[in-house]
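Colleague: For reference, the structure I am asking about is given below.
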Amino acid sequence: MYKVVFFLFVVFTANLQAQEPTQIAVEKSVWGVQTGLLGIWAHNESRLTSSVALRSELGFDGGFWGAGDTFDYALLPVLRIEPRWYRNLNRRVRKGKSIAGNSADFLSLKFALLPDLFSISSEDTIDVVSSAGVTFNAGMRRVYGQHFSFELGLGAGVAANLEEPYLSADPYYFLPDIFLRLGYSF
């Protein structure tokens with residue numbers, strides 16, 4: 003009888019040790035909406051590797067201007083594709099911090115397209131020029147509770163106008179990228 007119990011104990015404990023530890027990785031897919039000072043966006047982050055996610059985003063970038071009694075605004079459609087490397091997932095887990103919803107610091111290369119499709123504006127006629135840009139960014143993403151997110155980041159890059167007559171002159175310009183966003187993940 004003791005031999006049978008000993009044999010079952012050895013098999014059971016060996017089986018427990020043979021199980022693989024939980025893999026530290028970004029989420030397989032994260033869907034959400036975000037808003038900031040200058041816009042509103044819907045996004046998806048899909049896992050490419052254990053620490054890289056591809057973020058795709060569709061929304062409206064905003065702007066405002068005015069002087070004296072006038073205040074004008076515009077919202078323009080934007081499409082972004084952004085591979086993000088979440089660089090400190092292991093360190094956050096070692097320190098006992100959550101990585102749920104891709105809560106970590108990241109480096110990214112953001113590609114953006116602002117087409118001249120339509121605009122939502124306080125003025126009847128607003129001149130929108132189609133443009134595309136790429137920026138290198140460093141940022142942080144934190145998820146609070148299960149659904150609320152916060153992102154903060156800074157970056158810089160270059161953009162180009164895609165329409166005539168802006169192509170004949172120097173169409174390239176410096177593109178700063180500063181963002182502070184609050185969001186909800188589904």
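Position in the sequence shown (from 1) plus 2 gives the number in my numbering. Ideal Cβ positions, reconstructed from N, Cα and C, are used throughout, including at glycine.
Measuring CB atoms only, is the stretch 48-60 touching the stretch 86-95, in the sense that at least three cross pairs come out at less than 8 Å?
Modeller: The stretch 48-60 is in contact with the stretch 86-95.
Colleague: How about S132 and A161: are their beta carbons less than 7 Å apart?
Modeller: Cβ atoms of S132 and A161: not closer than 7 Å.
Colleague: Can you name, in chain order, every residue of its own chain whose Cβ lies under 8 Å from the Cβ of T15, other than the five neighbours on each side?
Modeller: Unreliable positioning characterises T15 in this predicted model, as indicated by a pLDDT of 49, which lies under 50. The coordinate reading is nonetheless provided below. Closer than 8 Å at Cβ, skipping near neighbours: no residue.
Colleague: Report buried or exposed for P23, applying the criterion of at least 16 other Cβ atoms within 10 angstroms of its Cβ.
Modeller: Bear in mind that a pLDDT of 47 at P23, under 50, signals an unreliable position, so the model cannot answer this.
Colleague: Quick check on the DSSP output: the alpha helix (DSSP H) that includes L91 runs from which residue to which?
Modeller: Note, L91: alpha helix (DSSP H), L91 to R96.
Colleague: The ligand COA and N163: does the residue's C-beta get closer than 6 Å to at least one heavy atom of that ligand?
Modeller: The ligand COA is absent from the structure shown, which contains no ligands of any kind.
Colleague: For the beta strand (DSSP E) containing F176, list its first residue and its last residue.
Modeller: That run of the beta strand (DSSP E) goes Y174 to S187.
Colleague: Which ranges would you report for the beta strand (DSSP E) in the stretch 27-105 if only whole runs of at least 3 residues count?
Modeller: Listed in chain order, they are 31-38, 41-49, 54-67 and 74-88.
Colleague: Below 8 Å on the Cβ atoms is my contact criterion, and I expect I180 with L156 to pass it. Report the Cβ-Cβ distance as a whole number of Å.
Modeller: Yes, I180 and L156 are in contact; Cβ-Cβ is about 6 Å, under 8 Å.
Colleague: Tell me, which residues are paired with D118 by DSSP?
Modeller: Answer is none; D118 lacks a bridge partner.
Colleague: Measuring straight from C-alpha to C-alpha, what distance separates K97 and K112?
Modeller: Approximately 29 Å between the Cα atoms of the pair.
Colleague: Return yes when the Cβ of G41 is within less than 7 Å of the Cβ of F73, no when it is not.
Modeller: In this structure, G41 does not lie closer than 7 Å to F73 by Cβ.
Colleague: According to DSSP, is S110 part of a helix, a strand, or is it coil?
Modeller: The answer is strand: DSSP assigns S110 an E or B state.
Colleague: To which residues of the same chain is Q25 closer than 7 Å at the C-beta, ignoring the five residues directly before and after it?
Modeller: These residues qualify, in order along the chain: S52.
Colleague: Quick check on DSSP: helix, strand or coil for V130?
Modeller: Correct three-state label for V130: coil.
Colleague: Give the straight-line distance between the Cα atoms of A20 and L115, rounded to the nearest whole angstrom.
Modeller: Low local confidence applies: a pLDDT of 40 at A20 is under 50, so the model's placement there is unreliable, with the coordinate-based value given in what follows. Computed Cα separation, rounded: 49 Å.
Colleague: Who are the Cβ neighbours of F176 in its own chain at under 6 Å, not counting the five residues just before and after it?
Modeller: Once the five neighbours on either side are set aside, F176 has no close Cβ partner at all.
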